[in-house]
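*Asks:*
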Amino acid sequence: MMKGQKGFTLPELLITVAITGLIVSFLGTAIYQIVTITDYSHQRMIAMHELQNAAHWFSRDGQMASTASGGSELALTLPDDSSITYAVVDNELHRTAGESQMTLARNISDISFAVEDRIITITITSSPVGRWDMSEWGTRQYKVCLRTTGEEL
């Protein structure tokens, strides 16, 4: 080098590039983890909300019903002889009471209703559409006891 010229030597440049590469790789990994965990948590929240909403209505209606029949759909008969039906149509759980129909949950991939003695059991799986498979933990089972009538006392 000529006198008076300033610059970096090759070892200094290699060390600088190596340190910069480490910093960028750590930042990239951290950002990827933040984005991935946020997406996974969002999908879990969707699945939990779907299951909780279905459980709320199932518990409410099941406790008021005097009779029930299960299978691929649930038919409840209330003491005033009105009926409420739960059925899955196009991955959506619908509750029909008279002329009124409401969607209780979306992303339902599997559901079954069983009635044994006076206990109704619903097994439901919510699987939001996304890159995560939520069905492993997104399956819940709820049980409700039918309303007692004067004949059973």
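To convert, take the position in the sequence shown, counting from 1, and add 556; that gives the working numbering.
For each residue, glycine too, the CB sits at the ideal point set by N, CA and C.
Would you mind giving the Cβ-Cβ distance between I664 and I680, rounded to the nearest angstrom? I have them listed as a contact below 8 Å.
*Replies:* 6 Å
*Asks:* Hey, how far is the Cα of A603 from the Cα of E655?
*Replies:* 28 Å
*Asks:* Rounded to the nearest angstrom, how far is the Cβ of A774 from that of R703, given a contact under 8 Å?
*Replies:* With the chain running from 557 to 709 in the structure shown, residue 774 is simply not present.
*Asks:* From A631 to S597, what distance separates their C-alpha atoms?
*Replies:* 34 Å
*Asks:* If L649 sits next to A610, beta carbons under 8 Å apart, how far is it from one beta carbon to the other, in whole angstroms?
*Replies:* 6 Å
*Asks:* Short of 6 Å in beta carbon distance, which residues of its chain neighbour G618, apart from the five on each side in sequence? Order them along the chain.
*Replies:* Taking C-beta separations shorter than 6 Å and ignoring five residues to either side along the sequence, the partners of G618 in its chain run I676 and V700, following chain order.
*Asks:* Considering just the uninterrupted stretch of the alpha helix (DSSP H) at S581, what are its terminal residues?
*Replies:* L566 to M620
*Asks:* According to the Cβ coordinates, are S682 and E606 closer than 8 Å?
*Replies:* Against a cut-off of 8 Å, the Cβ pair of E606 and S682 comes out as a contact.
*Asks:* Leaving aside the five residues before and after M557 along the sequence, list all residues of the same chain whose C-beta is less than 7 Å from its C-beta, in chain order.
*Replies:* Note on M557: pLDDT 49, under 50, position unreliable in the model; the coordinate value appears next. So the list is empty, once near-sequence residues are dropped.
*Asks:* With H, G and I counted as helix, E and B as strand and the rest as coil, what does DSSP make of G627?
*Replies:* strand
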